[in-house]
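Below is one structure, written out as C-alpha cells; comments come after it.
Residue numbers (my numbering): 108 to 359.
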C-alpha cells in the first residue's frame, strides 16, 4: 500500500447525482478518509472520463476511484492514471475495451428498467439533437430503490440528472481493471443493473467481490456503512488478499 493515505473519489450513476453518496461520505469521514464526490457530467463516456481524469490529475497523492453503475464504466476508462491505486465498483459493471453496456446486456438477463426509461430530446449548441434518459417516477422505487423508504425514493427520483442516451452504447478504450486492483460490491436484488452482469464482469476482472443478496441498486443510500467499509478496505490495500472470503469483515 502507498504510504500516503489515499483520497477517495466517488463517481455517481446516470440518472443520479453526487448526493446519493451522502451517507457513504459521512461514514468514510468517520474512518479518517478524505473524500471527493464528483459531479459526473453524464454526457458520454469520452467526455465524462476526461473530466474525471482531470480531477484525478489535480489530486496530490494516491487515489481510490469508486463508481456506481455507469460510474463504473467511467472509472474503467479514467482509472489508468498513475496515482490511481484501486478501483471500487458499487452495483456496477466492469467493461472491457470495446464493450458497451448494450453489448454486455445482450448476453445476460435483460434489465426491466432499460425499456421503461423516459427518453427526451434536447438540442446542443442550437443545432445538434440528442436524447436524454431519466427514470419515470412510478418506476423509481420498485426498479431502483426497493429497499428504501417510499418518501426517500421519491426525493431521489426528484433529484435525478438526465444522462445522454449514448452512455448505453459508448465503449471504453481502456480497461483499467486489467492493471489496477479492483473491488466489486454486487447487489443481488438489483432491478436496474442485472446482478448477472455485475458478477460476470467482477469475476472476469479477478476483483474482490462482496455480494449483498437483498440490496437494491440504491445500495449507497440504503446501506452506506457497508459500502463505506468496502471502499475503506480498498483504501487500506491496493491489491486483493489471496484466499479472502467474499464479504468477510463487512457489516450490513
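Cβ atoms here follow ideal geometry from the backbone N, Cα and C, with glycine treated the same way. Just so we're clear, the structure is a prediction, and the values are computed from it rather than from any experiment.
(1) Enumerate in chain order the residues of its own chain whose CB-to-CB distance from residue 267 is below 6 Å, with the five nearest sequence positions on each side excluded.
(2) Could you please give the first and the last residue of the uninterrupted alpha helix (DSSP H) stretch that includes residue 306?
(3) Going by DSSP in three states, residue 239 sits in which element: helix, strand or coil?
(4) Could you pull out every unbroken alpha helix (DSSP H) segment of at least 4 residues lying fully inside the stretch 143 to 217, listed in chain order?
(5) Just checking my contact of residue 315 with residue 290 at CB under 8 Å: how many whole Å lie between their CB atoms?
(6) Where does residue 248 sit, in a helix, a strand or coil, going by DSSP?
(7) Would you kindly check if the distance between the Cβ of residue 323 and the Cβ of residue 253 is under 8 Å?
(8) Just how far apart, CA to CA, sit residue 223 and residue 217?
(9) Can you tell me where the alpha helix (DSSP H) holding residue 123 begins and where it ends?
(10) Once the 5 residues before and after residue 272 are set aside, which same chain residues still bring their CB inside 8 Å of it?
(11) Based on Cα-Cα distance, which residue from 262, 215, 180, 143 lies nearest to residue 149?
(12) One question on the structure: do residue 309 and residue 113 come within less than 8 Å of each other, judged by their Cβ atoms?
(13) Consult DSSP for residue 226 and reduce its assignment to one of helix, strand or coil.
(14) Who are the near neighbours of residue 141 in its chain, counting only those whose CB is closer than 6 Å to its CB and skipping five residues on each side?
(15) In angstroms with no decimal places, state the Cα-to-Cα distance between residue 248 and residue 299.
(16) Following the continuous alpha helix (DSSP H) through residue 333, name the residue where it begins and the one where it ends.
(17) Is it right to say residue 339 is buried, meaning 16 or more other beta carbons lie within 10 angstroms of its own, or is it exposed?
(18) Only counting the same chain, and skipping five residues up and downstream in sequence, which positions put a Cβ closer than 7 Å to that of residue 228?
(19) What are the boundary residues of the alpha helix (DSSP H) that residue 257 is part of?
(20) I think residue 169 touches residue 190, with their Cβ atoms under 8 Å apart; what is that distance to the nearest whole Å?
(21) Rounded to a whole number of angstroms, what is the C-alpha to C-alpha distance between residue 202 and residue 138?
Taking the coordinates as given:
(1) 122, 241
(2) 302 to 312
(3) strand
(4) 152 to 164, 177 to 185, 208 to 212
(5) 5 Å
(6) helix
(7) yes
(8) 12 Å
(9) Neither: residue 123 is in no alpha helix (DSSP H) and is coded neither H nor E.
(10) 226, 237, 238, 239, 240
(11) 180
(12) no
(13) strand
(14) 114
(15) 11 Å
(16) 331 to 343
(17) buried
(18) 236, 238
(19) 257 to 265
(20) 5 Å
(21) 30 Å
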